[in-house]
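*Asks:*
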Amino acid sequence: MPNGPLIVQSDKSLLLEVDHEQATEARRAIAPFAELERAPEHIHTYRLTPLGLWNARAAGLDAETVVNVLINYSRYPVPHSILVDVAETMSRYGRLQLTTHPTYGLVLTTTDKAVLAEVLKSKRTKGLVGERIDDSSVIVHRSERGNLKQALIKLGWPAEDLAGYVDGEKHPIEISPVDKAKDKPWTMRPYQMGAVENFWHGGSGVVVLPCGAGKTIVGAAAMAKSSTTTLILVTNSVSARQWRDELIRRTTLTEDEIGEYSGTRKEIRPVTIATYQVLTTRRKGEYTHLELLDARDWGLIIYDEVHLLPAPIFRMTADMQARRRLGLTATLVREDGREDEVFSLIGPKRFDAPWKDIEAQGYIAPADCQEVRLTLSDADRMTYAIAEPEDKYRLAACAPGKVRVVLDLVKKHEGEPTLVIGQYLDQLDELAKALGAEVITGQTPVKERQRLYEAFRTGEVTKLVVSKVANFSIDLPEASVAIQVSGSFGSRQEEAQRLGRVMRPKQDGRTAHFYTVVTRDTVDQEFAAHRQRFLAEQGYAYSIIDAEDVSA
Amino acid sequence: MGTFSHSIRSFDDQALVALLTRRPDLASPSPANLVSLAARASNGASLSRALASLNASALEILESVFILHSLGRGTSEADLRSAVLGDGREGHEGREDSTGVNGDSSDAAQFRAELSTLTSLALLWWDEDQLRLAPGLEDLFETFPAGFGPLSSNAVATDPLPASAPEYSRTVLNAVLWGPPVARVPANLLSTHAAANEPPTNEALRWLLHNAYLELLDSSHVYIPRQTAFALRQGRTHRGLSLPPLTGHAASLTPESIQSEAARAATESVRLVTELIALWERDPAQSLRNGGLPVRELKRVANSLDLTSEDAVLVCELALASRLVRTSDDAAKDFSPTVSADDWLALDVEHRWSQLVQGWLVSQRMPWRIGQLDERASTINALHPEVHEAWVPRLRNNVLSVLREHPLAPMTPELVLAELRWHAPRAAITPESVAGLFREAEFLGLTGAGALLPGTDDGLAAALANALPEPVGEIFVQGDLTGMVPGRPTPPLEALLELCAVVESRGGALTVRFTPESITRAFDEGMGAAEIIDELGMYSVTPLPQPLTYLIADVARKHGNVRVGAMSSYIRIHDEAAAAAILSLPAFASVGIFEIAPTVLGASAPITTVLQLLREAGMAPVVESPDGQVITADRQSEKTRVSTRSIRSHLDVNLGVSTPFPGDDALGKVTYLGTRKAPLGADSAPLAVVAQLRAEHEATPTPSPTPPHDGVTGGGTPGESSKISDSSPDQGDEPSLTIVLLREAIADGSLVTIAMADSRGTLTHRTLKPLRLDSGRLRAADPARESELTVAIHRIASVTRLNQPHTTEPPAGN
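For the protein sequence lines, the chains are A and B, in the order given.
Each residue of the first sequence is one higher than the one before, counting from 4 in the numbering used here.
Each residue of the second sequence is one higher than the one before, counting from 69 in the numbering used here.
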């Protein structure tokens, strides 16, 4: 005990010493119940949160196991208050259960009458439940299954949903043994199989996999397992096409069986891919495409990029609790803090693999992050110093010197597939001209976009300049260099996405490079500090160089 | 039949010593003989004192003796045992705190022990084989000893309730059987008969009264007679002996876990008090007039120490209890660190903590009262001097004794309170005081996880030293600019991190973050880039990450780019040669002259001195304003520019004559300042003001720099009333000056022009005759309108005196 790899802090963070001989063992033991917060090179920080503990409880772990893990791997005695808190929090999950009663239908039952009395007294559950059957059970209105779960988690008594799912309309789907695009046999990776297994066993829930780890394949395998009609909700139409292509490539599904439900096309087929945007379109205050949700007796609903799921979709999801739901994401962290809604409406986390672990298994290219600091010319510094605060970021981000730096960087990686990512269209145009590359922005037609991506994929084009549209769900398997010239205020999500771009598996195991060009002593540099923190916390090698040293 | 004094006389020496030790009040002054000792031992005050020291079990035995005796029953040890514990034949269904299998034997042991305590205290004495109460003790029982009501003089029921009794009779009887024996009944219980809507218990009550199970106490109360209750309790006076509530409370903690929790809390409390001292050293906290710490100041402490306000109260109170802070002796009465704080700060953690605990142990303060309302319904402030009671240390000692008796058991304030109440049922102990003391002990780290830190009996500092983990002299520094010391840092490492990093979390380990600000702070403290990198590198387990060394280099690049120095005046010269000439003149050495840049010199002496020196050196200097304009200077002298000018503007005093400072005649009066309006006292020295006031009488008229506006200038008229006359109405007077002017006007019945602001801030001017001034309002007559009006003082923007009393002399001037 005195020499364990783990230190439990009184603020409920767990510090794991990575180079300790028991580190791997300890990591495996704490991963089910603690959220990885930061994973820099030496010390990884995990945090105990109620959601994390409930996720663990949902996965069948009990408080005693958690407490034992903490005590066994801890270097110092674990604070008593934390042990008490863990036991207390974990005991809250499962005291309430949603089950199906042969005569009453959906009921909320409890093993602790006081808890039921407490939650029924709350205003939040008003109108969601019907008659009391006895001291320990109450009828739940079928339509309020999701709303009730949401209310209960807010009250701190998350319910275990054992009410089961409708079978859905059967439709044969199988994983194809050959990769139809390459006409070569392929198999799923072990962690993908593990993810599908855990999800199916748990019922509904979220699978957390880093970008490039093959979330689409997990989705396809879940569909095969279910063999029912499936509704897939994705962020945008580009992503919809990619899902389609991937499904055709990896499963027995044919083009005719897959429909696209988007702004332009309204096909409803056994497997339908819809965008969040079309579902949330409103006309005269009404959601006009809600009928899609009931258009078929869906047996499985897949949510791509759960962390971006807009609030109206949450509300719709609340009404679809009887259908099996699979959430796919690279991160559970939501910028809006609605992690608990994901937990209650889609389900607990069913599978999670730390990025670094997957990278260590060789499936993701290791990335090397460099921040290039550019010193403004004296004239530009003066312009910047007297600029209005709202213009400062734009001035700093679009500093003219950046073009030179980008040219140097591209030259350094000549021939490697390179993406240049930015926010401001003028700047992107200028860069494109200087590089002699094509630009992809929000205005680029989908056809053109896909043509360029294809050319990039085949190696016909090695340089692309892209705007924010590149952030989500595009698949550029061969990009191994990404250069960021400007970005919107360094949000954590954006970083994850951008890095995802360059982390696709490489055939030759080359190191991927992520550059970010910032201007010294400006707000640009301040945002870069956030970026640095995020990337370093994710465990990526990060270094800072001066612009003058790039060409050297 | 023996007597009480006989029984005392039969005490052997050892027993007497025991008696006098346990009831020390009997021994002082020393009693003349054993008879007088016996008399003293049956004295009411002494008996009360002895009763207060008894625990619940002992009191129950006394009660039992009293009841048995009053019922004419035998009081032998066997009688008593069966009345209290039962004779073992019947079940113990009534026992509330059964302790399981061993219950009976521990009961019996407790019974014997308490009995011997009571006899040795001479509260019970043996009359042959019967136990008797010490004389006088009867009067000291509560109204209903052991829940028994009064004896009834009538023949009362002593048989079990017959089956024929009406419904609810048993319920009613059970409610009063074990006490309280009195129940309230409807006043018309006996007068009405079976009214339609009366509760069903009424019938039962009537039956019970009729059959003498209950008796009427008065028209609206009934009681169960003592004889009936004793019979229905089946010859028991008690359901059993109350045992200490913590009997069998499990010792479930390990010494290590207590030590780790306590050590964490202890180091934290020491750190917080240290930070409080640092905070108040830089910036003492104001005190309230009543001596407490204002809520605003408490918030400041909470914010800068990153605490809740409850914890901030504890930190302040701990510092006060250990005499590390107190109100200063100067007029402001601010809270600041004491001299002993310096000694304290020089100690190591263990001894600093030990002093904190010792200060706390004897403290009479009651921090848990802070934030509550006092009897005058005002909130009690932290550090308020009256928040103390003499009983606090005793209660604290009792709380700690309970903890000491239950080592390794996780305790809660509730358990401690229950135990304390068992030990002294007659003492009034409030739950909040126990909870407060418990929390303080936990906060200080004297306890961890609710158990006392092991080893505190052999020295506090040693106990903490034992509990503290081995200090660690290494740190992991990572690419995200954080660092982690896997344990308690060694003092030099801690000092280094304190200097150049920000602490993120504490606990088993210390995590820190390096930020540009924290590195800058290290530079400010005189460290260099290489030094920081070297020192961190020395402790770092792995090579320092590139982003950190880059950050340090980046901060080094910027550090000191902007520099600030102090000077009072500057000299700008056209050519460098002249500048060099000035620099080399010996006369200028005395004014601290130095070169800022070619052709620009700075001086630490004020502008007037430099000006004079330059003139003496044969230069022809001019004074310039910040925007480079030349200011013409005349020979009228002025030194303390703002104060004199503003005083003149109000009081019309010529400072050129009266200023007591030397050299003023040589100074030019800078006219541009003369037109600037500065409020009185903005930066005038009080001494100077006084000097001016004193000089008032010798004042000679000079033209005022401010041309009189409207009103009247009293420039040349000497005498009281004319002194204060030229304040401009739009200028906005100092409030106190307004009041002075009004008072004077009231005193001599003169007229004034008052500028009043309405609720929108619009000024109106009226000429009024002030009549009365009190509680912030002015009552004044308006001669023009022949009316009176009341104005709030804060609405008065300015007062201009019409310089002569209205009735006696006509107004002078323009």
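All C-beta atoms, glycine included, are put in the ideal place defined by N, C-alpha and C.
Here the structure is a predicted model, which is why all the values come from computation and not from measurement.
In three-state terms, what does DSSP make of Y168(A)?
*Replies:* Position 165 of the first sequence holds residue 168(A). Correct three-state label for Y168(A): coil.
*Asks:* Within the 8 Å Cβ cut-off, does Y79(A) reach chain B?
*Replies:* For the purposes of this step, residue 79(A) is taken as the residue at position 76 of the first sequence. Cβ-Cβ to chain B under 8 Å: yes for Y79(A).
*Asks:* So which residues on chain B does L312(A) lean against when the C-beta distance must stay under 9 Å?
*Replies:* Residue mapping note: residue 312(A) aligns to position 309 of the first sequence, counting from 1. Near L312(A) there are no residues of chain B at all, since even the closest Cβ is about 29 Å away, more than 9 Å.
*Asks:* On a Cα-Cα basis, can you pick out the residue from R91(B), L528(B), T296(B) and L392(B) that is closest to S422(B)?
*Replies:* Numbered from 1 along the second sequence, position 354 holds the residue referred to as residue 422(B). Here the closest residue by C-alpha is L528(B).
*Asks:* In whole angstroms, what separates the C-alpha of L356(B) from that of R464(B)?
*Replies:* Numbered from 1 along the second sequence, position 288 holds the residue referred to as residue 356(B). Numbered from 1 along the second sequence, position 396 holds the residue referred to as residue 464(B). Whole-angstrom Cα-Cα distance: 29 Å.
*Asks:* Taking the beta strand (DSSP E) that E854(B) falls in, what are its first and last residues?
*Replies:* Residue 854(B) sits at position 786 when you count from the first residue of the second sequence. Premise fails: E854(B) is in no beta strand (DSSP E) and is neither H nor E.
*Asks:* Within the segment 808-855 of chain B, note down every full alpha helix (DSSP H) run reaching 4 residues or more, in order along the chain.
*Replies:* With a minimum length of 4 residues, no continuous alpha helix (DSSP H) run stays inside the segment 808-855 of chain B.
*Asks:* Name the residue from R454(A), V89(A), G439(A) and F36(A) whose alpha carbon lies nearest to the alpha carbon of V241(A).
*Replies:* For the purposes of this step, residue 241(A) is taken as residue 238 along the first sequence, with counting starting at 1. Closest option to V241(A), Cα to Cα, is R454(A).
*Asks:* Using the beta-carbon count (16 or more within 10 Å), is N466(B) buried or exposed?
*Replies:* By 1-based counting over the second sequence, the position of residue 466(B) is 398. N466(B) should be labelled buried.
*Asks:* Check the Cβ-Cβ distances between P420(A) and every residue of chain B, and say whether any is below 8 Å.
*Replies:* Sequence index remark: in the first sequence, residue 420(A) carries index 417 (1-based). It does not: the Cβ of P420(A) has no partner Cβ on chain B nearer than 8 Å.
*Asks:* Quick check on the burial criterion: 16 or more other C-beta atoms within 10 angstroms. Buried or exposed for P161(A)?
*Replies:* Taking the first sequence and counting its residues from 1, one reaches residue 161(A) at position 158. That one is buried.
*Asks:* Within 8 Å, do at least three Cβ pairs link the segment 223-239 of chain A to the segment 370-382 of chain A?
*Replies:* As far as the Cβ criterion goes, the segment 370-382 of chain A does not touch the segment 223-239 of chain A, which means the pair count is below three.
*Asks:* Classify H23(A) as helix, strand or coil using the three-state DSSP reduction.
*Replies:* Within the first sequence, residue 23(A) is the residue found at index 20, counting from 1. Of the three classes helix, strand and coil, the one that applies to H23(A) here is coil, per DSSP.
*Asks:* Can we say the segment 305-324 of chain A touches the segment 120-140 of chain A, given the rule of at least three CB pairs closer than 8 Å?
*Replies:* At 8 Å Cβ cutoff, the stretches do not touch.
*Asks:* Using a Cβ-Cβ cut-off of less than 7 Å, give me the residues of the segment 525-543 of chain A that come near chain C, in sequence order.
*Replies:* Protein chains A and B are contained in the structure displayed, whereas chain C is not.
*Asks:* Given a limit of 9 Å on CB to CB distance, which residues of the segment 293-327 of chain B reach chain A?
*Replies:* Under the 9 Å Cβ criterion, the segment 293-327 of chain B contributes L321, T322, E324, S325, I326 and Q327.
*Asks:* Give me the DSSP bridge partner(s) of L234(A).
*Replies:* To locate residue 234(A), count along the first sequence from 1; it is residue 231. According to DSSP, which records beta bridges pairwise, L234(A) is partnered with T275(A) and I304(A).
*Asks:* Buried or exposed: which applies to V630(B), given that a residue is buried once 16 or more other Cβ atoms fall within 10 Å of its Cβ?
*Replies:* Counted from its first residue, the second sequence places residue 630(B) at position 562. That one is exposed.
*Asks:* Please confirm whether L438(A) has its beta-carbon closer than 8 Å to some beta-carbon of chain B.
*Replies:* The residue you call residue 438(A) lines up with position 435 of the first sequence. Closer than 8 Å: no.
*Asks:* Going along the segment 607-640 of chain B in order, which residues come within less than 9 Å of chain A, judged by CB to CB distance?
*Replies:* So the close ones are V609, T610, P613, Q614, P615, Y618, L619, D622 and K626.
*Asks:* Decide if the segment 505-525 of chain B is in contact with the segment 468-476 of chain B; the criterion is three or more beta carbon pairs, one per stretch, under 8 Å apart.
*Replies:* Yes: at least three Cβ pairs fall under 8 Å.
*Asks:* Below 7 Å on C-beta distance, what does S16(A) contact in chain B?
*Replies:* The count along the first sequence starts at 1 and reaches residue 16(A) at position 13. Correct list: S573.
*Asks:* Can S483(A) and R513(A) be called in contact, C-beta distance under 8 Å?
*Replies:* Within the first sequence, numbered from 1, the residue matching residue 483(A) stands at position 480. Within the first sequence, numbered from 1, the residue matching residue 513(A) stands at position 510. Yes, these two residues count as a Cβ contact at 8 Å.
*Asks:* If you compare alpha carbons, which of I10(A), A382(A), F537(A) and R328(A) is closest to L3(A)?
*Replies:* The requested residue 3(A) is not part of the displayed model; chain A covers only 4 to 555.
*Asks:* I'd like the list of long-range same chain contacts for E877(B), defined as Cβ closer than 8 Å, with 5 residues on each side in sequence excluded.
*Replies:* Indexing the second sequence from 1 puts residue 877(B) at position 809. Low local confidence applies: a pLDDT of 42 at E877(B) is under 50, so the model's placement there is unreliable, with the coordinate-based value given in what follows. Taken in chain order, the list of residues that qualify is empty.
*Asks:* Give a yes or no on whether 8 Å exceeds the smallest Cβ distance from S380(A) to chain B.
*Replies:* What you label residue 380(A) is simply residue 377 of the first sequence in a count that begins at 1. Closer than 8 Å: no.
*Asks:* Tell me, please, whether the segment 194-211 of chain A touches the segment 340-354 of chain A by the rule of three or more beta-carbon pairs shorter than 8 Å.
*Replies:* Flag = yes, the segment 194-211 of chain A and the segment 340-354 of chain A touch.
*Asks:* Pop quiz: A437(A) and K466(A) are said to be a contact at Cβ under 8 Å. What is the actual Cβ separation, rounded to whole angstroms?
*Replies:* Translated into the one-based positions of the first sequence, residue 437(A) becomes position 434. Translated into the one-based positions of the first sequence, residue 466(A) becomes position 463. In fact, because the Cβ distance is near 11 Å, the residues do not count as touching under 8 Å.
*Asks:* Alpha carbons only, please: which of Q302(B), S288(B) and E336(B) is nearest the one belonging to S883(B)?
*Replies:* Given that chain B is displayed from residue 69 to residue 882, the structure contains no residue 883(B) and the question cannot be resolved.
*Asks:* Work out the CA separation of Y618(B) and Y545(A) for me, nearest whole Å.
*Replies:* Your numbering for residue 545(A) matches position 542 in the first sequence. Your numbering for residue 618(B) matches position 550 in the second sequence. One C-alpha to the other measures close to 11 Å.
*Asks:* Write down every uninterrupted run of the alpha helix (DSSP H) in the segment 182-239 of chain A whose length is 4 residues or greater and which is fully enclosed by it, in chain order.
*Replies:* For the segment 182-239 of chain A, whole alpha helix (DSSP H) runs of length 4 or above, ordered along the chain, are 193-205 and 218-229.
*Asks:* Taking C-beta pairs closer than 7 Å, name the residues in chain B that I46(A) reaches, listed in chain order.
*Replies:* In the first sequence, counting from the first residue as 1, residue 46(A) sits at position 43. Under the 7 Å cutoff, chain B gives F544, Q546 and M552.
*Asks:* Could you tell me whether any Cβ in chain B is nearer than 8 Å to the Cβ of V11(A)?
*Replies:* As a first step, residue 11(A) is located in the first sequence; it is residue number 8 there, counting from the start. Closer than 8 Å to some Cβ of chain B, the Cβ of V11(A) qualifies, so yes.
*Asks:* To test your reading of the DSSP string, which unbroken alpha helix (DSSP H) runs of 4 or more residues are found completely within the segment 506-567 of chain B?
*Replies:* For the segment 506-567 of chain B, whole alpha helix (DSSP H) runs of length 4 or above, ordered along the chain, are 528-535.
*Asks:* To the nearest angstrom, how far is it from the Cα of G171(B) to the Cα of S94(A)?
*Replies:* Residue mapping note: residue 171(B) aligns to position 103 of the second sequence, counting from 1. Residue mapping note: residue 94(A) aligns to position 91 of the first sequence, counting from 1. Low local confidence applies: a pLDDT of 46 at G171(B) is under 50, so the model's placement there is unreliable, with the coordinate-based value given in what follows. Between G171(B) and S94(A), the C-alpha separation is close to 33 Å.
*Asks:* I'd like to confirm the pairing. Which residues does DSSP put opposite Y387(A) in its beta bridges?
*Replies:* Numbered from 1 along the first sequence, position 384 holds the residue referred to as residue 387(A). Y387(A) pairs with nothing; no bridge assigned.
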